[in-house]
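Q:
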Amino acid sequence: MLAVAIACYKRYATLDRAIESVLRHGDGVVSRIILGLNGADENARAKARRLLRVGESRIALNFLFSAPTIPVGGNYSFAPFVASEPFFAMLGADDYWSSGHAGPIVERLRRDPGLAGVAPRIVYGQGAGQKRSPANALPFDQAKPGERLAAFFAQPSDNPSFYGVFRTAALRQCVHSNTSAITGAEVHALDWLIVARLLQLGPIEHSDALTLAREETPWQNYSLGVLKDDRLPAILRSFPVLEMSVQFILETRGPARSVVMRRLFELNLRKYAEVLQLAGLTPQAVEARLPAAQKILLRVFQAAIARRPFGQRRVWTQPAEIAAILRLA
Numbered sequence: 023m024l025a026v027a028i029a030c031y032k033r034y035a036t037l038d039r040a041i042e043s044v045l046r047h048g049d050g051v052v053s054r055i056i057l058g059l060n061g062a063d064e065n066a067r068a069k070a071r072r073l074l075r076v077g078e079s080r081i082a083l084n085f086l087f088s089a090p091t092i093p094v095g096g097n098y099s100f101a102p103f104v105a106s107e108p109f110f111a112m113l114g115a116d117d118y119w120s121s122g123h124a125g126p127i128v129e130r131l132r133r134d135p136g137l138a139g140v141a142p143r144i145v146y147g148q149g150a151g152q153k154r155s156p157a158n159a160l161p162f163d164q165a166k167p168g169e170r171l172a173a174f175f176a177q178p179s180d181n182p183s184f185y186g187v188f189r190t191a192a193l194r195q196c197v198h199s200n201t202s203a204i205t206g207a208e209v210h211a212l213d214w215l216i217v218a219r220l221l222q223l224g225p226i227e228h229s230d231a232l233t234l235a236r237e238e239t240p241w242q243n244y245s246l247g248v249l250k251d252d253r254l255p256a257i258l259r260s261f262p263v264l265e266m267s268v269q270f271i272l273e274t275r276g277p278a279r280s281v282v283m284r285r286l287f288e289l290n291l292r293k294y295a296e297v298l299q300l301a302g303l304t305p306q307a308v309e310a311r312l313p314a315a316q317k318i319l320l321r322v323f324q325a326a327i328a329r330r331p332f333g334q335r336r337v338w339t340q341p342a343e344i345a346a347i348l349r350l351a
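Quick note: the sequence shown uses our numbering, first residue 23, plus one each step.
Encoded structure:
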């Protein structure tokens, strides 16, 4: 009924905990575990086989062998197509289901075919030091796609929706074009892009029936990683979610002048300001650079909007098209 993919990405030390949590809190509903490995690591495979007691367990086990550098999000390109189950969830190997049960979430999806997914409660840290994700209070369950997307882009935050339970068929529609048109690596903020695609298909509710525990990574770490990525041109180091935004604009069929576009524009401006702050600029210096940044963003947004087929939602976009638009910046 439910397939769970666990993306290792070199985190083999916590793999036991992740698998055991799925067996414990998914008992009776999880029928497949898909292990995304970075290369043919026999130790990781042996761990999984031992924990599932392969040959005795009712849970199927699949392995994905991918390039050593593929991050967690890249597994979304493949794992949903391995699953034959109607529902699908993804964990990182350092994540684990800490309490509750996946059953009520699956049942909620079964009862309401209009839902795209249901996200669990997210906590960070371990034991008494755990704290709840502030985004748990923000379900994206509005009736209209534009309202859902506007709410999401206003505060994507740590994106707990990405770790929800989804309809496998819906997710397969949303995991294309995961690589950057510029670097060939995974596009930055891919998880935001995937959730934005899902929100065009249906609402995503949040549920306290299941709790997912994660390691907390400060947002500064992500932004610093982008700043130090020599593969990225200067424009994408300054505007780290711009390529994701162009991809979304080219795919969406919403009006050019909409709350969604405004929220996405504002999101890019906020991330730009964060980058400047990390670079050591004073608040006054950051403020002084915002008008020029707005002009750059406006030029790119207008170019992307102009290339959309009117009234249609495109599923595939060409990397060369995205690269050409970004060069306008």
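Where a beta carbon is used, it is the ideal one built from N, C-alpha and C, also for glycine.
1. Alpha carbon to alpha carbon, what distance is there between Asp-230 and Ser-121?
2. Rounded to whole angstroms, what is the Cα-Cα separation between Ala-62 and Ser-245?
3. Helix or strand or just coil, what does DSSP make of Met-23?
4. Helix, strand or coil for Glu-227? Go by DSSP, reduced to three states.
5. Looking only at its chain, what residues have a beta carbon closer than 7 Å to the beta carbon of Pro-255, apart from the 5 residues adjacent to it on each side?
6. Using CA coordinates, which residue listed in Phe-162, Ser-53, Leu-348, Val-44 is at the minimum distance from Arg-259?
7. Considering only the beta carbon of each residue, do Phe-184 and Ala-141 sit closer than 9 Å?
8. For Glu-237, which of helix, strand or coil comes out of DSSP?
9. Using a Cβ-Cβ cutoff of less than 6 Å, which residues in the same chain neighbour Val-308 once the five nearest sequence positions on both sides are dropped?
10. Helix or strand or just coil, what does DSSP make of Ala-191?
11. Please classify Thr-201: does DSSP put it in a helix, a strand, or coil?
12. For Leu-83 and Arg-330, what's the separation of their Cα atoms in angstroms?
13. How about the stretch 120 to 139 and the stretch 179 to 194: do they share at least three Cβ pairs that are nearer than 8 Å?
14. Suppose you measure from the CA of Ile-125 to the CA of Asp-163; what does that come to, to the nearest Å?
15. Hey, would you say Asp-116 sits closer than 9 Å to Ala-40, going by beta carbons?
16. Look up Ser-280 in the DSSP assignment and say whether it is helix, strand or coil.
17. Where do the ends of the beta strand (DSSP E) carrying Leu-267 lie?
18. Using 8 Å for Cβ pairs, my map puts Ala-66 next to Leu-57. What's the rounded Cβ distance?
19. Can you tell me the Cα-Cα spacing of Leu-350 and Phe-323, whole angstroms?
20. Can you tell me whether Arg-236 is buried or exposed? The criterion is at least 16 other CB atoms within 10 Å of its CB, across all chains shown.
21. Excluding sequence positions up to five away, which residues of its chain have a Cβ less than 8 Å from the Cβ of Pro-225?
A: Looking at the atomic coordinates:
1. Indexing the sequence shown from 1 puts residue 121 at position 99. Indexing the sequence shown from 1 puts residue 230 at position 208. Answer to the nearest angstrom: the Cα atoms are 10 Å apart.
2. Here residue 62 refers to the residue found at position 40 when the sequence shown is read from its first residue. Here residue 245 refers to the residue found at position 223 when the sequence shown is read from its first residue. Only weak support is given to the placement of Ala-62: the predicted model assigns it a pLDDT of 48, under 50, and the value that follows is read from those uncertain coordinates. Going by the C-alpha atoms only, they are around 31 Å apart.
3. Taking the sequence shown and counting its residues from 1, one reaches residue 23 at position 1. The answer is coil: DSSP assigns Met-23 none of H, G, I, E or B.
4. Looking up residue 227 in the sequence shown gives position 205. In the structure shown, Glu-227 sits in a strand (DSSP, three-state: E or B).
5. Counted from its first residue, the sequence shown places residue 255 at position 233. Around Pro-255, the same chain offers Ile-204 as residues with beta carbons nearer than 7 Å, after the five sequence neighbours per side are excluded.
6. Here the question's residue 259 lines up with position 237 in the sequence shown. Looking at the Cα atoms, Leu-348 is the closest of the given residues.
7. The residue given as residue 184 occupies position 162 in the sequence shown. The residue given as residue 141 occupies position 119 in the sequence shown. Contact flag set, yes.
8. On the sequence shown, position 215 is the one that residue 237 refers to. Note: Glu-237 maps to coil in three-state DSSP.
9. Here residue 308 is taken as the residue at index 286 of the sequence shown, counted from 1. Result list for Val-308: Ala-295, Leu-298, in chain order.
10. Locating residue 191 in the sequence shown gives position 169, where the first residue counts as 1. Correct three-state label for Ala-191: helix.
11. Within the sequence shown, numbered from 1, the residue matching residue 201 stands at position 179. Three-state DSSP puts Thr-201 in a strand.
12. To locate residue 83, count along the sequence shown from 1; it is residue 61. To locate residue 330, count along the sequence shown from 1; it is residue 308. Between Leu-83 and Arg-330, the C-alpha separation is close to 41 Å.
13. Yes, the stretch 120 to 139 touches the stretch 179 to 194.
14. On the sequence shown, position 103 is the one that residue 125 refers to. On the sequence shown, position 141 is the one that residue 163 refers to. The amino acid at residue 125 is misidentified as Ile; the sequence shows Gly. Looking at the two C-alpha atoms, the distance is approximately 20 Å.
15. As a first step, residue 116 must be located in the sequence shown, where it is residue number 94. As a first step, residue 40 must be located in the sequence shown, where it is residue number 18. Taking a C-beta distance under 9 Å as the contact criterion, Asp-116 and Ala-40 qualify as a contact pair.
16. Within the sequence shown, residue 280 is the residue found at index 258, counting from 1. Of the three classes helix, strand and coil, the one that applies to Ser-280 here is coil, per DSSP.
17. For this step, residue 267 is matched to residue 245 along the sequence shown. Note that residue 267 is Ser in the sequence shown here, rather than Leu. That residue, Ser-267, is in no beta strand (DSSP E); its alpha helix (DSSP H) goes 264 to 273.
18. The sequence position of residue 66 within the sequence shown is 44, counting from 1. The sequence position of residue 57 within the sequence shown is 35, counting from 1. Between Leu-57 and Ala-66 the Cβ distance is about 7 Å, and since that is below 8 Å, they are a contact.
19. Looking up residue 350 in the sequence shown gives position 328. Looking up residue 323 in the sequence shown gives position 301. Between Leu-350 and Phe-323, the alpha-carbon positions lie close to 10 Å from each other.
20. Translated into the one-based positions of the sequence shown, residue 236 becomes position 214. By the 10 Å Cβ count, Arg-236 comes out buried.
21. Within the sequence shown, the letter at position 203 stands for residue 225. Gly-136, Leu-137, Ala-138, Pro-161, Phe-162, Asp-163, Gln-164, Ala-165, Arg-170.
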